[in-house]
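Chains as they are written, first to last, in full-length UniProt numbering: chain A, 1 to 413; chain B, 1 to 413.
Protein chains: 2
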Amino acid sequence: MTQSYWLANVLLESGFFRKDGMVTKTITENCHILVEEGKFTKIIPAYENLPVGLPVQDTGGLLMLPGFQDMHIHLDKTYYGGKWKACTPFVDVFGRMKEEEDMLPSLLPVTEERAKKILELLLQNGVTHIRAQCNVDPIIGLKNMEAVLQALKSYDGQLSYELVAFPQHGLLRSNSVPLVREALQMGATASGGLDPAIVDENIEASLHALIELAVEADADIDLHLHEPGHLGIYTMKRLAKLTEEAGWQGRVTIGHAFGLGDVPVEVAADAAETLAQAGISIASTVPIDIPTIPIPLLHEKGINVSLVNDSITDHWDPFGTGDVLYKASLMAERFAWIDEWSLGRALGFITGGKMPLNSEGERVWPTIGDKADAVFVEASCSAEAVARRSSRLAVMHKGKIVSGSFNQILAKN
Amino acid sequence: MTQSYWLANVLLESGFFRKDGMVTKTITENCHILVEEGKFTKIIPAYENLPVGLPVQDTGGLLMLPGFQDMHIHLDKTYYGGKWKACTPFVDVFGRMKEEEDMLPSLLPVTEERAKKILELLLQNGVTHIRAQCNVDPIIGLKNMEAVLQALKSYDGQLSYELVAFPQHGLLRSNSVPLVREALQMGATASGGLDPAIVDENIEASLHALIELAVEADADIDLHLHEPGHLGIYTMKRLAKLTEEAGWQGRVTIGHAFGLGDVPVEVAADAAETLAQAGISIASTVPIDIPTIPIPLLHEKGINVSLVNDSITDHWDPFGTGDVLYKASLMAERFAWIDEWSLGRALGFITGGKMPLNSEGERVWPTIGDKADAVFVEASCSAEAVARRSSRLAVMHKGKIVSGSFNQILAKN
Numbered sequence: 001m002t003q004s005y006w007l008a009n010v011l012l013e014s015g016f017f018r019k020d021g022m023v024t025k026t027i028t029e030n031c032h033i034l035v036e037e038g039k040f041t042k043i044i045p046a047y048e049n050l051p052v053g054l055p056v057q058d059t060g061g062l063l064m065l066p067g068f069q070d071m072h073i074h075l076d077k078t079y080y081g082g083k084w085k086a087c088t089p090f091v092d093v094f095g096r097m098k099e100e101e102d103m104l105p106s107l108l109p110v111t112e113e114r115a116k117k118i119l120e121l122l123l124q125n126g127v128t129h130i131r132a133q134c135n136v137d138p139i140i141g142l143k144n145m146e147a148v149l150q151a152l153k154s155y156d157g158q159l160s161y162e163l164v165a166f167p168q169h170g171l172l173r174s175n176s177v178p179l180v181r182e183a184l185q186m187g188a189t190a191s192g193g194l195d196p197a198i199v200d201e202n203i204e205a206s207l208h209a210l211i212e213l214a215v216e217a218d219a220d221i222d223l224h225l226h227e228p229g230h231l232g233i234y235t236m237k238r239l240a241k242l243t244e245e246a247g248w249q250g251r252v253t254i255g256h257a258f259g260l261g262d263v264p265v266e267v268a269a270d271a272a273e274t275l276a277q278a279g280i281s282i283a284s285t286v287p288i289d290i291p292t293i294p295i296p297l298l299h300e301k302g303i304n305v306s307l308v309n310d311s312i313t314d315h316w317d318p319f320g321t322g323d324v325l326y327k328a329s330l331m332a333e334r335f336a337w338i339d340e341w342s343l344g345r346a347l348g349f350i351t352g353g354k355m356p357l358n359s360e361g362e363r364v365w366p367t368i369g370d371k372a373d374a375v376f377v378e379a380s381c382s383a384e385a386v387a388r389r390s391s392r393l394a395v396m397h398k399g400k401i402v403s404g405s406f407n408q409i410l411a412k413n
Numbered sequence: 001m002t003q004s005y006w007l008a009n010v011l012l013e014s015g016f017f018r019k020d021g022m023v024t025k026t027i028t029e030n031c032h033i034l035v036e037e038g039k040f041t042k043i044i045p046a047y048e049n050l051p052v053g054l055p056v057q058d059t060g061g062l063l064m065l066p067g068f069q070d071m072h073i074h075l076d077k078t079y080y081g082g083k084w085k086a087c088t089p090f091v092d093v094f095g096r097m098k099e100e101e102d103m104l105p106s107l108l109p110v111t112e113e114r115a116k117k118i119l120e121l122l123l124q125n126g127v128t129h130i131r132a133q134c135n136v137d138p139i140i141g142l143k144n145m146e147a148v149l150q151a152l153k154s155y156d157g158q159l160s161y162e163l164v165a166f167p168q169h170g171l172l173r174s175n176s177v178p179l180v181r182e183a184l185q186m187g188a189t190a191s192g193g194l195d196p197a198i199v200d201e202n203i204e205a206s207l208h209a210l211i212e213l214a215v216e217a218d219a220d221i222d223l224h225l226h227e228p229g230h231l232g233i234y235t236m237k238r239l240a241k242l243t244e245e246a247g248w249q250g251r252v253t254i255g256h257a258f259g260l261g262d263v264p265v266e267v268a269a270d271a272a273e274t275l276a277q278a279g280i281s282i283a284s285t286v287p288i289d290i291p292t293i294p295i296p297l298l299h300e301k302g303i304n305v306s307l308v309n310d311s312i313t314d315h316w317d318p319f320g321t322g323d324v325l326y327k328a329s330l331m332a333e334r335f336a337w338i339d340e341w342s343l344g345r346a347l348g349f350i351t352g353g354k355m356p357l358n359s360e361g362e363r364v365w366p367t368i369g370d371k372a373d374a375v376f377v378e379a380s381c382s383a384e385a386v387a388r389r390s391s392r393l394a395v396m397h398k399g400k401i402v403s404g405s406f407n408q409i410l411a412k413n
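Take a look at the structure:
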């Protein structure tokens, strides 16, 4: 249990300043916050004297934002932490699977070490919760899962996690149902699936197997769905139906959901309503090399959309930064969210929806009793942090500083 | 004149490694390079002993790349270096002009100081040559031009520059012909223009005025062309024709050229051929909020395309990083250039076409007698630098280190 202490001189957002009805500035105030048992338990204005008797951590006036989340990050099979290696030109998903036949065994000796390197990078960038992805497949069996679990264990107390047993070579195609089942017993929290039509070549059987695994283990579902256009839309709607039948609302995520990006907007809107109805979330990297899925529309329809790293550098993609704040910024840029209000709202896409202010400008975070997961940013408000991808100087998980420190900013002041 | 010295332990690219006909790696070698009078005058392999008698700068094995260029960067009217300010939602170019009526006079006291801040940022990121953009308009007259010239003067010897007298409020619309003329006498090197149809409402008169100004002053031409689709294409082709008539081939740049992004690819290809024929260059920020212009196609057709920052943070856009290497990376990501060869070629878009290797893998830079403008990067090759947006530890202009140092890397080794 963490010792109680005061977090002094924290910049908190407190409202919007409007001009002609438009939000033009975010108002902030300096506060002291009491941290007890890993929670925020009291907030007082900084002009009040700090009660004596408890230790004090002075943040030097840094902006406090909710801890970030990366809800789709492959911790295994990465080049990150090793020598530079470009991708081969993309042909299809089967080409990438083929590459894994040599790659996975050769990386195994460093899988745990590199997973830790990714965790360290995420942490530095402000992530306090992740949904890790890890292969289970006939090539590597459960060995990557073991390595990733070890890595996660060594970060216990520094970030919280979920873990997807991901059958990269096809749940049915590679006969990975038993592997996923075993992984769920080992500690994975979600059953993964992949392209039921193109990879498993049987949408119905693939989705049923996925849901049965999840229900059997009382686990979540995480379907990586790259399938294009109307094919992808069909699968999403079918998944929504099966989710409702299984009573699994709120426990299903679709990763990528590319199909939503290349159908007419009316079709995407209709599918979005169906997904929202079934409580299905979406995780997106904000791809810019293909039609980006209509994230603002999906959000409006009530879908919980998370912006995610996916990977840092691997055989799929060499461009990852490990920074979900960059993804929020990229999304804002992609959809021309350039005004104060819109930029600030982009933050919610990397915090599981948590934002200091609600859409009207009332402070809704932190509230008393909230878990003390936070990022301390060199910025004047959320909008600036998103647009300028501002530096993160310290990261807090359950009331404990798990990355960075306040020394740098205090030395500056 | 800089003292002669040896640049020791420089990593230079020396060839491609191919597997099954595909470039999978870039081969490098360690070299010592003699720098005399601001030029590279000798290259020897690092396994040879350094000749005695001259000072030695050890780079610690950093990769040397050609100095970067930013061919379109507004140095005036920036929020950078001041307090955070978001944009207002975009309505049209006239709304932005209206904002400048208050903004330009209020920023004037800090225009020079902020221009220097931008120059410092560019320099840190590896830029050794810029084409600066500066307003001339009825609001601020030539005062921003004076401030920007002062800022550039104070960076004399640190980077080279061109300077565009840019009539942001319309060359004809705001009667800015005399202002541009005067700016060209003051030290501007290019005559700027803006949207001849939408802003000046007379394509023919606007283009003629632009070209006359340039010819009269023996200056280059830089037309900022945001006009969409077929309208933009028409103006580009008309400009190409007038460029040829004036004998101004090789001296004309179109900024943005958005029209190329939203016409059928055949139309864009045809226009690209016309522009290439007239020796017209294009500067693009790689916009992702609108259809990106087909940069690979334009390049194939022989157009010199530069990727540029445009701005850092101002009333148009809050997302600028000041890093053209980021733009090269963004372009590579946008067009799925993920393999070793393609990633490496992306470098040429931020160096005025200079790359260590030609497309066949023969070293073509540096060659003896080349100006010693270079960036020293923590990467194993150009492809890695582009994909990973690698750190730049030192920047050299005319043989002199103008930003960073080799101390950090030497301390690591």
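Even for Gly, the Cβ is constructed at its ideal location relative to N, Cα and C.
A quick note: this is a predicted structure, and the numbers were derived from the prediction, not measured.
Asked                                                                                                                      : Found
Residues of its chain near Ala346(B), where Cβ-Cβ distance is below 7 Å and the 5 sequence neighbours each way are ignored : Ala328, Met331, Ala332, Trp337 and Val386
Three-pair Cβ contact test at 8 Å for the segment 196-206 of chain A versus the segment 160-172 of chain A                 : yes
Identified DSSP bridge partners for Lys400(B)                                                                              : His397(B)
Lys116(B) burial status per 10 Å Cβ neighbour count (16 or more: buried)                                                   : buried
Local conformation of Glu48(B) per DSSP, three classes                                                                     : coil
Chain-ordered residues of the segment 307-318 of chain A with a beta carbon less than 8 Å from chain B                     : Thr313, Asp317 and Pro318
Rounded straight-line distance, which links the Cα of His208(B) to that of Ala202(B)                                       : A small fix is needed here, since residue 202(B) is Asn in this sequence, not Ala. Going from the Cα of Asn202(B) to the Cα of His208(B) covers about 10 Å.
CB contact check: Ala328(B) to chain A, cutoff 9 Å                                                                         : no
Backbone secondary structure at Gly141(B) - three-state DSSP                                                               : strand
Burial state of Asp137(A), where buried means 16 or more other Cβ atoms lie within 10 Å                                    : buried
Start-to-end residues for the alpha helix (DSSP H) that takes in Ala102(A)                                                 : In the sequence as displayed, the identity of residue 102(A) is Asp instead of Ala. From DSSP, the alpha helix (DSSP H) with Asp102(A) extends over Val93 to Gln124.
Pair within 9 Å by beta-carbon distance, Leu297(B) and Ala257(B)                                                           : no
Short CB-CB distance (under 9 Å) between Thr88(B) and chain A                                                              : yes
Neighbouring residues, chain A, relative to Ile288(B) (Cβ below 7 Å)                                                       : Ile288, Glu333 and Arg334
Leu343(B) at chain A interface by Cβ criterion, 9 Å                                                                        : yes
Cβ contact check for the segment 97-107 of chain A and the segment 152-171 of chain A: 3 or more pairs under 8 Å           : yes
Ranges of the beta strand (DSSP E) found wholly within the segment 336-384 of chain A, counting only runs of at least 3    : 374-377
Inside the segment 64-95 of chain A only - beta strand (DSSP E) runs reaching at least 3 residues                          : 68-74
Check: Lys25(B) C-beta below 8 Å from any heavy atom of the ligand ADP                                                     : Of ligands this structure carries none, so the ligand ADP is not represented either.
Residue environment, Tyr317(A), which counts as buried when at least 16 other CB atoms sit within 10 Å                     : Residue identity check: residue 317(A) is Asp in the sequence provided, not Tyr. The residue is buried, with at least 16 neighbouring Cβ atoms inside 10 Å.
Residue burial classification, Ala272(A) (beta-carbon count within 10 angstroms, cutoff 16)                                : buried
Residue range of the unbroken alpha helix (DSSP H) whose run includes Asp270(B)                                            : Val265 to Gln277
Reduced DSSP category for Leu159(B) - H, G, I as helix; E, B as strand; rest coil                                          : coil
9 Å Cβ cutoff, Asp373(B) in contact with chain A                                                                           : no
Check whether Leu163(A) and Thr128(A) have beta carbons under 9 Å apart                                                    : no
Ser4(B) (DSSP reduced to helix, strand or coil)                                                                            : coil
Burial state of Met22(B), where buried means 16 or more other Cβ atoms lie within 10 Å                                     : exposed
Beta-carbon spacing of Leu7(B), Ile33(B) below 9 Å                                                                         : yes
7 Å CB neighbourhood of Tyr5(B) in its chain, flanking five on each side removed                                           : Val35, Leu54, Pro55, Val56 and Gln57
Sufficient close CB pairs (3 or more, under 8 Å) joining the segment 36-55 of chain A to the segment 105-113 of chain A    : no
Sheet register partners of Ile43(B) (DSSP bridge)                                                                          : Ile33(B)
Buried/exposed call for Ser154(B), threshold 16 Cβ in 10 Å                                                                 : exposed
When Glu182(A), Asn407(A), Thr274(A) and Ile350(A) are compared against Gly141(A), the one with the closest alpha-carbon   : Glu182(A)
Start and end residues, alpha helix (DSSP H) containing Asn407(B)                                                          : Asn407 to Lys412
Residues of its chain near Thr28(A), where Cβ-Cβ distance is below 8 Å and the 5 sequence neighbours each way are ignored  : Leu11, Leu12, Glu13, Ser14, Leu63, Ser380 and Cys381
Other residues of its chain near Leu393(B): CB distance less than 8 Å, five sequence neighbours each side excluded         : Leu62, Phe376, Val377, Glu378, Gly404, Ser405, Phe406, Gln408 and Ile409
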